[in-house]
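Novice: For this note's numbering, add 101 to where a residue sits in the sequence shown, where the first one is 1.
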Amino acid sequence: MKLLPLIQEIAERFGNGAVHITTRQGFEIPGIAFEHMTAINALLTPLIEELEVKIGVTIDQADQGYPSAGTRNVVACIGNKVCTNAVFDTTALAKDIEKIIYPNNPHVKIAITGCPNDCVKVHMHDIGILGQVEPLYDAQRCIGCQACIKNCHKVSTGALTLVNYKVKRDASRCIGCGECVLKCPTAAWTRGGQYYRVVIMGRTGKKNPRLAASFLEWAEREVVLKLCANLYVYIDKHIDRSLPKEHVGYIVDRTGYPVFKEEMLKNVDLGSKAQLASFLNFSGSMYDKHVILS
């Protein structure tokens, strides 16, 4: 809240009095004349120090404005500070990733959501991170009411069935949403380890928009952080420098998934639980309109 009056002051003194809250949880002030940017950058110093420097991002001259516009701010849902569906503190992870990736010039968008509901639309980002929780089942506490089974079939993937009056979980269908835990009246289901699902190379735009594909499931926090760092090594090695800008998704399309996978996993210990995609399953786009439109 302490930064909002500063944004209001800039909008009223230098803009048209309006502030636009962007889809990436940032803000834009319309109507600013370019000759005022030096003064505005100086005014923004407390904001940059609070949002970036204070969390460990290295910015040499905070009074000169943001030093890079290529890599966007990390977007996160409200997380488990408010939402009962979220399985981790999304803001804390966003700050840790911000320290790794910013400032940087490559065009990269990363988003974090606390559960598979994906309220922040991570499937439309280059790197999307979804919270997963390992549900732990205590058969001695289970009364066979099937509340968890009904809820899993209603709102999730139908990973639970009743076998001999006890619940059986199909690990191949379970996405770690924790809905079973939320519905159990006897605490037969509890939340175990905290993990992350990583989806990659989602994008909008005119050319081949698509949802992100699954890359990794049941990954630990340090793995996620290392992947974010390795992404920039991969980009620096393979980007087409003859172009004014190349989106990372198109770099992956050009180099192929095996190359991307190999370089993303350098010096990464996935651990025993993580599951890695053997290929990327993109649905693609249909541009032959006569095929689908009449």
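Just so you know, even glycine gets a beta-carbon here, dropped at the ideal spot from N, CA and C.
It should be emphasised that the depicted structure is a prediction, and the values quoted were computed from it without experimental measurement.
Of all the options LYS210, LYS269, ASP227, ARG355, which has the alpha carbon lying nearest to the alpha carbon of PHE316?
Specialist: The sequence position of residue 316 within the sequence shown is 215, counting from 1. Considering only alpha carbons, the answer is ASP227.
Novice: Does the stretch 178 to 197 come into contact with the stretch 255 to 265, if we say contact requires no fewer than three beta-carbon pairs (one atom in each stretch) closer than 8 angstroms?
Specialist: Note that the stretch 178 to 197 does not touch the stretch 255 to 265; fewer than 3 beta-carbon pairs, one per stretch, sit closer than 8 angstroms.
Novice: In the DSSP assignment, find the unbroken alpha helix (DSSP H) run with LEU105 in it and report its ends.
Specialist: The sequence position of residue 105 within the sequence shown is 4, counting from 1. Taken as a continuous stretch (DSSP letters only), the alpha helix (DSSP H) holding LEU105 covers 105 to 115.
Novice: Please tell me whether HIS224 and VAL176 are closer than 8 angstroms, where the distance is taken between their beta carbons.
Specialist: To locate residue 224, count along the sequence shown from 1; it is residue 123. To locate residue 176, count along the sequence shown from 1; it is residue 75. No, they are not a contact pair.
Novice: Do the stretch 110 to 120 and the stretch 154 to 170 touch if we need at least three Cβ pairs shorter than 8 angstroms?
Specialist: no
Novice: If you compare alpha carbons, which of LYS327, GLY372, GLY303 is closest to GLY229?
Specialist: Taking the sequence shown and counting its residues from 1, one reaches residue 229 at position 128. With distances taken between Cα atoms, GLY229 lies closest to GLY303.
Novice: Determine the closest residue to LYS327 out of ASN368, ASN205, THR191, THR192, with distance taken between C-alpha atoms.
Specialist: Start at 1 with the first residue of the sequence shown, and residue 327 comes out as number 226. Comparing Cα positions, the closest option is ASN368.
Novice: May I ask you to report which of helix, strand or coil DSSP gives LEU261?
Specialist: One-based indexing of the sequence shown puts residue 261 at position 160. Reduced to three states, the DSSP call for LEU261 is strand.
Novice: Since I believe ARG311 is in contact with SER384 (beta carbons under 8 angstroms), could you give me their beta-carbon distance rounded to a whole number of angstroms?
Specialist: Locating residue 384 in the sequence shown gives position 283, counting from the first residue. Locating residue 311 in the sequence shown gives position 210, counting from the first residue. Rounded, the Cβ-Cβ distance is 6 angstroms, consistent with contact.
Novice: DSSP puts PHE128 in a beta bridge; with which residues?
Specialist: Here residue 128 refers to the residue found at position 27 of the sequence shown. Answer is ILE122.
Novice: Measure the CB-CB distance between LYS269 and CYS243 and report whether it falls below 8 angstroms.
Specialist: Here the question's residue 269 lines up with position 168 in the sequence shown. Here the question's residue 243 lines up with position 142 in the sequence shown. No, these two residues do not count as a Cβ contact at 8 angstroms.
Novice: Out of curiosity, what's the CA-to-CA distance linking ASP190 and THR146?
Specialist: Here residue 190 corresponds to residue number 89 of the sequence shown, with the count starting at 1. Here residue 146 corresponds to residue number 45 of the sequence shown, with the count starting at 1. Cα-Cα distance, rounded: 27 angstroms.
Novice: With distances taken Cα to Cα, identify the nearest neighbour of LEU344 among TYR297, ASP271, HIS208.
Specialist: As a position in the sequence shown, residue 344 is number 243, starting the count at 1. Checked all of TYR297, ASP271, HIS208; the closest Cα to LEU344 is HIS208.
Novice: To the nearest angstrom, report how far apart LYS210 and ALA375 are at their CA atoms.
Specialist: Sequence index remark: in the sequence shown, residue 210 carries index 109 (1-based). Sequence index remark: in the sequence shown, residue 375 carries index 274 (1-based). About 23 angstroms.
Novice: Going by the beta-carbon positions, is the gap between LEU371 and ALA320 smaller than 8 angstroms?
Specialist: Here the question's residue 371 lines up with position 270 in the sequence shown. Here the question's residue 320 lines up with position 219 in the sequence shown. Going by C-beta atoms, LEU371 is nearer than 8 angstroms to ALA320.
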